[in-house]
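Here's the structure we're looking at; comments come further down.
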Amino acid sequence: MPLPLPRPESAPSPEMAACKGRRVVVALTGGIACYKTAPVVSGLVQAGAQVRVLMTEAATKFIQPLTFQSLTGQAVITSIFTSDENLESPHIAIARWADVMVIAPTSADMIAKLAAGICDDVVSLVACALPRHSEGSHSQDSGSQGSDSQGNDSQARHSQSDPSQSNQSSPPRSLMLAPAMNADMWANPIVQRNLKTLDELLGVEYIGPGEGWQACRTSGAGRMSEPAEILSAIARRCALLA
Ligand SMILES: Cc1cc2nc3c(=O)[nH]c(=O)nc-3n(C[C@H](O)[C@H](O)[C@H](O)COP(=O)(O)O)c2cc1C
Numbered sequence: 344m345p346l347p348l349p350r351p352e353s354a355p356s357p358e359m360a361a362c363k364g365r366r367v368v369v370a371l372t373g374g375i376a377c378y379k380t381a382p383v384v385s386g387l388v389q390a391g392a393q394v395r396v397l398m399t400e401a402a403t404k405f406i407q408p409l410t411f412q413s414l415t416g417q418a419v420i421t422s423i424f425t426s427d428e429n430l431e432s433p434h435i436a437i438a439r440w441a442d443v444m445v446i447a448p449t450s451a452d453m454i455a456k457l458a459a460g461i462c463d464d465v466v467s468l469v470a471c472a473l474p475r476h477s478e479g480s481h482s483q484d485s486g487s488q489g490s491d492s493q494g495n496d497s498q499a500r501h502s503q504s505d506p507s508q509s510n511q512s513s514p515p516r517s518l519m520l521a522p523a524m525n526a527d528m529w530a531n532p533i534v535q536r537n538l539k540t541l542d543e544l545l546g547v548e549y550i551g552p553g554e555g556w557q558a559c560r561t562s563g564a565g566r567m568s569e570p571a572e573i574l575s576a577i578a579r580r581c582a583l584l585a
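Quick note on the numbering used here: the sequence shown kicks off at 344 and runs consecutively.
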């Protein structure tokens, strides 16, 4: 039974107001950056969004589901085989429910799974089950920021998509990924190939990553974007849905 949540007393910022009432799935995969997702979830709740959190088993090694249960007032889903009394087939119901799904952090492993269509955990399964909308792609106007491995604006990668390759029924970038990984992993050509595949076939929106200090105690590309940047990207996405 969902817990009744007190509504935030202060009005959200004008930018975050676009999230009010929106249904946002926040999914976490295994990486140190999981701690940065707590303020993202809190910011969405404060903006009046309805938030459901999914976590891979690896993500639960880095941060407790209880953190997100407390922030959202909703059970956190960590297994495909969950038993939620309101949901007959939870992954399909959550995928249909979502206006936006953001995976933050997105591991190299999850990027590979999504690109290959593997669905053996709740995050990849729900992402795979996101309905395809018929209104076409908002691919060029999302305004996502961030850098690729060469330090280029990640929007450049978005706009490189060949529209002739994209299915008219592709989701309008309702799937957003905030990659986070070590710089050598980020530079791995297989990771980059998988990112390109996801862009071309699914039209996902990338948030970052940025460059900077990493958990492996070196500096480089692959650092997850900061919570404020992720929140801004989600707000821009929500504004497009209005
Ligand atoms: C301490 C530690 C930190 C890690 N950080 C990352 C990371 O930032 N990015 C990444 O892609 N993988 C990272 N990994 C590896 C992933 O946790 C691993 O590939 C895992 O299988 C990912 O599973 P998931 O995609 O189901 O969450 C880390 C592993 C450990 C032990």
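Think of the CB as a built atom: it goes at the ideal place given N, C-alpha and C, for glycine as much as any other residue.
**OP:** Quick one: give me the first and last residue of the beta strand (DSSP E) that residue 564 is part of.
**Re:** 562-566
Subject >> Distance cut-off 7 Å: residue 474 Cβ against heavy atoms of ligand 1 >> reply: no
Original post:
Helix, strand or coil: which one does DSSP assign to residue 504?
Top reply: Caution applies to residue 504, whose pLDDT of 37 falls short of 50 and renders its modelled position unreliable; the model cannot decide the point.
Subject >> Cut-off 7 Å between Cβ atoms - residues of its own chain near residue 457, not counting five sequence neighbours on either side >> reply: 467, 470 and 541
Original post:
If we ignore side chains and look at the alpha-carbon of each, how far apart do residue 302 and residue 381 end up?
Top reply: This structure cannot speak to residue 302, because the chain is shown only from 344 to 585.
Subject >> Reduced DSSP category for residue 483 - H, G, I as helix; E, B as strand; rest coil >> reply: Note on residue 483: pLDDT 35, under 50, position unreliable in the model; no value is reported.
**OP:** Would you mind reading off the limits of the beta strand (DSSP E) that contains residue 522?
**Re:** 518-522
Subject >> Same chain, Cβ closer than 6 Å to residue 547, neighbours up to 5 away in sequence not counted >> reply: 518, 520 and 541
Subject >> Exposed unless 16 or more other CB atoms sit within 10 angstroms - verdict on residue 404 >> reply: exposed
Subject >> Touch test, the segment 552-566 against the segment 521-533, Cβ-Cβ under 8 Å, three pairs minimum >> reply: yes
Subject >> Which listed residue (385, 452 and 472) has its alpha carbon closest to that of residue 410 >> reply: Taking each of 385, 452 and 472 in turn and checking the Cα distance to residue 410, the smallest one comes out for 385.
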